[in-house]
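Just so you know, the sequence shown maps onto residues 109 to 544 in my numbering. Note that CB positions come from ideal geometry on N, CA and C, so glycine has one too. First the structure, in the form of structure tokens, and then the observations on it.
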Amino acid sequence: LSDKLQNIFKGLKKKGKLTEKDVKDALREVKMALLEADVNFKVVKTFVKSVQERATGHEVLESLTPGQQVIKIVNEELIKLMGDSNNELTYNKDGITVFMMVGLQGAGKTTTSAKISGNIKKKGKKPLLVACDIYRPAAIKQLQVVGAQLDVPVFTMGDNHNPVNIAKAGIEYAKNNGNDVVIIDTAGRLHIDENMMGELIEIKESLKPQETLLVVDAMTGQDAVTVAETFNEKIGVDGVILTKLDGDTRGGAAISVRSVTDKPIKFVGMGEKLTDLEPFHPERMASRILGMGDVLTLIEKAQESIDEKQALEMERKLRNAEFTFDDFLEQMQQVKKMGNLSSIIGMIPGMGQQLKDVEIDDNEIYKVEAIILSMTKEERANPNILNPSRKKRIALGCGRSIHDVNKLVKQYDQSKKMMKQFSGMMKGKGKKGMFK
Ligand code: GDP
Ligand code: MG
109 LSDKLQNIFK GLKKKGKLTE KDVKDALREV KMALLEADVN FKVVKTFVKS
159 VQERATGHEV LESLTPGQQV IKIVNEELIK LMGDSNNELT YNKDGITVFM
209 MVGLQGAGKT TTSAKISGNI KKKGKKPLLV ACDIYRPAAI KQLQVVGAQL
259 DVPVFTMGDN HNPVNIAKAG IEYAKNNGND VVIIDTAGRL HIDENMMGEL
309 IEIKESLKPQ ETLLVVDAMT GQDAVTVAET FNEKIGVDGV ILTKLDGDTR
359 GGAAISVRSV TDKPIKFVGM GEKLTDLEPF HPERMASRIL GMGDVLTLIE
409 KAQESIDEKQ ALEMERKLRN AEFTFDDFLE QMQQVKKMGN LSSIIGMIPG
459 MGQQLKDVEI DDNEIYKVEA IILSMTKEER ANPNILNPSR KKRIALGCGR
509 SIHDVNKLVK QYDQSKKMMK QFSGMMKGKG KKGMFK
């Protein structure tokens with residue numbers, strides 16, 4: 109999905125001005141890409157409609173960077189679709205908190221139960237895992253193994269007891285042993301079936317868990333959404349945990365689950381290891397789906413602090429090789445307005461890695477300013493004339509060494525290259541930028 113979207117957006121970015129038709133065409137492609145990624149049809153329809161309404165508005169078509177505006181809208185609407193990020197687990201204030209895990213067989217209930225227990229243990233809770241899957245061979249053993257790895261106690265009664273009774277006994281055990289959170293690992297089936305639902309409803313009614321957490325496998329795409337819908341209707345869930353997101357390349361389930369069930373995604377499973385559980389961040393998921401790293405944040409920052417006219421002028425100068433030390437200084441001050449230099453560079457895809465070992469010290473900027481300010485007008489406008497004697501004079505003038513001046517000249521040459529990419533990107537037409 110992310111590849112497809114990137115291609116669509118590349119097309120948009122190349123255009124200077126967009127017409128309503130450009131936007132419509134691009135959104136038709138977005139729609140196809142979403143459907144191919146197994147996003148729920150109804151979700152796609154409403155999504156595209158709301159993006160279209162915003163994107164064909166005056167402010168986008170008239171703006172200097174319409175392509176980026178459209179991407180920004182797509183991103184914002186994606187985030188809206190996936191819900192807010194305040195999805196923390198809640199606890200019972202007076203007494204034992206019960207979390208009940210439900211889901212199909214193989215979805216990741218047992219693994220996720222353990223992951224959660226490990227997480228909350230680190231936060232000072234005293235979890236107890238309760239093994240209520242009496243059907244799947246070795247299910248109890250599996251929970252014991254992962255519990256042992258995390259040093260979290262596991263309550264079992266073998267497979268000869270009714271899951272409801274096991275769960276109740278587990279809570280009793282917790283009371284007597286100082287555990288404040290009980291995580292019930294239930295049995296799933298390969299498909300939704302009445303017996304399973306009946307058993308889960310019974311457990312839920314007798315335990316009244318604080319949270320019923322539905323575990324779904326993100327890799328199953330649209331099926332995961334259907335499963336979520338059914339579980340929510342029949343049993344009622346408080347939150348969804350999307351597992352195997354590490355192997356999910358399409359993002360279909362992540363996009364639709366929230367809007368179909370109206371239940372928040374609380375966590376995502378990012379691997380088989382017991383530490384691979386993360387809170388769900390819709391904005392991160394959206395940028396992952398758009399496949400652009402933190403580019404959107406960067407664009408926002410750039411839009412806030414870079415005067416677009418100035419950026420255009422700068423790019424013209426770059427193209428005509430008129431870029432001088434005065435411009436260099438100005439550009440640096442613009443960048444300074446955006447905040448910490450290293451963090452900004454880190455947001456540029458590919459760039460962060462490239463410049464990993466280059467040290468960027470924000471204080472450097474002040475030194476650089478001092479050196480440039482010691483240059484004559486002529487020198488700033490025409491760096492080529494900087495011969496050794498001029499450099500010596502400059503060094504004396506600003507109280508730095510010739511070495512510093514030489515360093516700056518080198519930096520200036522490098523920056524010329526870098527700014528070329530930078531300003532191209534900020535302008536968003538992608539002519540010389542990173543988006544090419
Ligand atoms: P259950 O039947 O619902 O209890 O599922 P399990 O917890 O036994 O998990 C089924 C398989 O999925 C196991 O092999 C797990 O290691 C694997 N699994 C669970 N969560 C994740 C995840 O987030 N990422 C990956 N890659 N594998 C996972
Ligand atoms: Mg299991």
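Exposed is the label assigned to Gly203, since fewer than 16 other Cβ atoms lie within 10 Å of its Cβ.
In the assembly as shown, Gln522 is an exposed residue. Its beta-carbon has fewer than 16 other beta-carbons within 10 Å. Where Lys381 is concerned, there is no enclosing alpha helix (DSSP H), because DSSP gives it neither an H nor an E. Annotation for Tyr243: Ala295 place their beta carbon closer than 7 angstroms to its own, counting only its chain and skipping 5 residues before and after.
Every alpha helix (DSSP H) stretch that sits fully inside the region 328-357 and reaches 4 residues is listed by chain position as 330-342.
Annotation for Asp293: the continuous beta strand (DSSP E) segment containing it runs Val289 to Asp293.
Comparing C-alpha distances from Thr432 to each of Tyr520, Lys371 and Lys500 shows the shortest one belongs to Tyr520. Within 7 angstroms of the C-beta of Met378 there is at least one heavy atom belonging to the ligand GDP. Our two residues, Leu236 and Leu251, have alpha carbons roughly 11 angstroms apart in a direct line. Each of Asn227, Gly255, Gly347 and Ser364 was checked against the Cα of Lys374, and the nearest Cα belongs to Gly347.
For Val323, the closest alpha carbon among the candidates Pro271, Lys223 and Ala394 is that of Lys223. For Pro235, the enclosing beta strand (DSSP E) starts and ends at Pro235 to Ala239.
Residue pairing by DSSP puts Ile373 in a beta bridge opposite Val348. In this structure, Thr369 has its CB at a distance of at least 7 angstroms from all heavy atoms of the ligand GDP. Taking Val147 as the centre and dropping the five residues before and after it, the same chain places the C-beta of Gly360, Ile363 and Ser364 closer than 7 angstroms to its C-beta, in chain order. In the structure shown, Asp259 falls within a coil segment according to DSSP collapsed to helix, strand and coil. Closest in alpha carbon position to Lys201, among Arg162, Lys230, Pro317 and Lys485, is Pro317. Here Gly377 is near Lys352, since their CB atoms are less than 8 angstroms apart. For Asp325, no alpha helix (DSSP H) encloses it; the enclosing beta strand (DSSP E) starts and ends at Glu319 to Asp325.
By the criterion of a C-beta distance shorter than 6 angstroms, Ile480 is surrounded in its chain by Phe433 and Leu437, once the five residues flanking it on both sides are discounted. With contacts defined as CB atoms closer than 8 angstroms, Gly226 and Leu382 qualify as a contacting pair. Counting C-beta atoms within 10 angstroms of its own C-beta, Glu487 has 16 or more neighbours from the protein chains shown and is therefore classed as buried. For the options Arg366, Gly379 and Glu319, the alpha carbon positioned closest to that of Val206 is the one of Glu319. According to the DSSP secondary-structure assignment, Thr205 is paired through a beta bridge with Val289.
Residue state for Met305 is assigned as helix, using DSSP reduced to three classes. Here Thr369 is buried, its C-beta having at least 16 other C-beta atoms within 10 Å. The alpha-carbon of Gln160 is positioned some 29 angstroms away from that of Leu350. Sorting Val254, Lys217 and Val238 by C-alpha distance to the C-alpha of Asp288 places Val238 at the top. Arg358 is positioned such that its CB atom lies closer than 8 angstroms to that of Leu109.
The three-state reading of DSSP puts Met483 in coil, since its state is none of H, G, I, E or B.
In the structure shown, Val210 adopts extended strand secondary structure according to DSSP, grouped into three states.
Assigned with DSSP and collapsed to three states, Asp192 falls in coil, not helix or strand.
Collapsing the DSSP output to three states places Asp146 in coil. Assignment of beta-bridge partners to Asp267 by DSSP yields Met265.
Within the chosen limit of 7 angstroms, the ligand MG does not reach the beta carbon of Arg297 with any heavy atom.
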